[in-house]
Amino acid sequence: MDGPGYCTEHKAMADAATTRSSEPELGLSSGELIRGEPSLECEHFEPSWQLPLPGGEPRLSALTAMDYFTEATFGSPGFYEAGCDNDRAALLPSVAPVLAQLNEREATLFHPGRWSYAAYAALREQRATLLAEALRGLQGHQFEPLPSLSLEAGAHRVYVIQKVRRTNRQTTQPMAIYTIVDGVIRRAPDLYTLVESRLAKTAYHLGRVVEIADELSQRREARLLSGGALPANTRAGAPEGDALDMEFGGPSTDY
Numbered sequence: 006m007d008g009p010g011y012c013t014e015h016k017a018m019a020d021a022a023t024t025r026s027s028e029p030e031l032g033l034s035s036g037e038l039i040r041g042e043p044s045l046e047c048e049h050f051e052p053s054w055q056l057p058l059p060g061g062e063p064r065l066s067a068l069t070a071m072d073y074f075t076e077a078t079f080g081s082p083g084f085y086e087a088g089c090d091n092d093r094a095a096l097l098p099s100v101a102p103v104l105a106q107l108n109e110r111e112a113t114l115f116h117p118g119r120w121s122y123a124a125y126a127a128l129r130e131q132r133a134t135l136l137a138e139a140l141r142g143l144q145g146h147q148f149e150p151l152p153s154l155s156l157e158a159g160a161h162r163v164y165v166i167q168k169v170r171r172t173n174r175q176t177t178q179p180m181a182i183y184t185i186v187d188g189v190i191r192r193a194p195d196l197y198t199l200v201e202s203r204l205a206k207t208a209y210h211l212g213r214v215v216e217i218a219d220e221l222s223q224r225r226e227a228r229l230l231s232g233g234a235l236p237a238n239t240r241a242g243a244p245e246g247d248a249l250d251m252e253f254g255g256p257s258t259d260y
């Protein structure tokens, strides 16, 4: 990773996607998530958030996980989307003035001698409630924290962010899940990706077995044509697997 909001894996995945453009792709239920976007090995981490709050409390918490996700992954393909409903909600005429007041009141808490974590938490909760209500009135891509899946145990902290497509006030369709584990943001693999990965591995190993069997068959034919004797364990009655083991250095645990 070359810095906040950027992952070097994306270029490699984009190049790979270009070379596969002629291959048929299976569809996804969301109609949005495509193979290789984003790379599941991409990670985001924002060092500045490791600094504590004025009272020594962790800056990254359940109150700020959504803001951390937005700042750390902004502009990174497959993560936070600029112009999504979250951005639109903050600009609504009924939201923007109130949000500005809350932000101003929060900023004053960082002045010398003004810090109060209780006041800070109350303002953060008001801000989250305001934005959540505004998002329910919009339709499109939205990002939301899942407080029920948060875990804060000592120095270890886990938060979960969900990307959804909202169609009305009551209905959303999950599209992606992101985890924040001790400040490191990753995208969780979806079911399609897991199944595709397992199928790809299975196909690879089956292909290797066929290649080995073909090579063994060719060697046998070459020996027979040259009048050479077959290894003892390839004569009548010997298990086929033993011949494979002898030809390729013993039993393998890869397959």
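Each residue of the sequence shown is one higher than the one before, starting from 6 at the first, in the numbering used here. Just so you know, even glycine gets a beta-carbon here, dropped at the ideal spot from N, CA and C. As the structure is a prediction and not an experimental result, all values here were calculated from the model.
Throw me the rounded Cβ distance for the residue i and residue j pair, which I believe falls under 8 Å.
| i | j | result |
| --- | --- | --- |
| E149 | L128 | 19 Å between Cβ atoms; not a contact. |
| V165 | I182 | 6 Å |
| R171 | D90 | 7 Å |
| L143 | R213 | No, L143 and R213 are not in contact; Cβ-Cβ is about 51 Å, not under 8 Å. |
| Y73 | E51 | 7 Å |
Where DSSP assigns a beta bridge to residue i, which residues make up the other side?
| i | result |
| --- | --- |
| T184 | V165, R191 |
| F148 | K168 |
| L143 | Note: L143 sits in no beta bridge, so no partner. |
| H49 | I190 |
| L58 | Note: L58 sits in no beta bridge, so no partner. |
| A70 | In DSSP, A70 forms no bridge with anything. |
| P179 | V169 |
| E157 | R162 |
Do residue i and residue j have their C-beta atoms closer together than 8 Å?
| i | j | result |
| --- | --- | --- |
| V169 | Q147 | yes |
| A95 | L68 | no |
| F79 | A70 | no |
| A133 | L97 | no |
| P194 | L45 | yes |
| G159 | L65 | no |
| L107 | Q131 | yes |
For residue i, which option in the options has the closest C-alpha, if you only look at C-alpha atoms?
| i | options | result |
| --- | --- | --- |
| E76 | G60, D90, W54 | W54 |
| L151 | A158, Q167, A160 | Q167 |
| R174 | A218, Y209, G145, T113 | G145 |
| C47 | I217, E220, A218, I185 | I185 |
| H161 | L56, H49, L58, P63 | P63 |
| L58 | S99, P117, V215, D219 | P117 |
| T177 | L211, R141, H210, K206 | R141 |
Only counting the same chain, and skipping five residues up and downstream in sequence, which positions put a Cβ closer than 6 Å to that of residue i?
| i | result |
| --- | --- |
| G60 | W120, Y122 |
| I156 | At residue 156 the sequence reads Leu, which differs from the Ile that was named. Same-chain partners within the cutoff: V163. |
| V215 | none |
| S99 | none |
| H49 | A77, T78, I190 |
Can you list, in chain order, the residues of its chain whose CB lies under 8 Å from that of residue i, leaving out five sequence neighbours each side?
| i | result |
| --- | --- |
| V1 | This structure leaves residue 1 out entirely; the chain is present only between 6 and 260. |
| A126 | L68 |
| G232 | none |
| A101 | A95 |
Among residues of its own chain, excluding the 5 on either side of residue i, which ones have a beta-carbon nearer than 7 Å to its beta-carbon?
| i | result |
| --- | --- |
| D208 | Strictly speaking, residue 208 in this sequence is Ala, with Asp absent from that position. Nothing listed; no residue qualifies. |
| A124 | L114 |
| L56 | R64 |
Taking CB distances under 8 Å as the criterion, tell me whether residue i reaches chain B.
| i | result |
| --- | --- |
| P52 | Of the chains in the structure shown, none is chain B; there is only one protein chain. |
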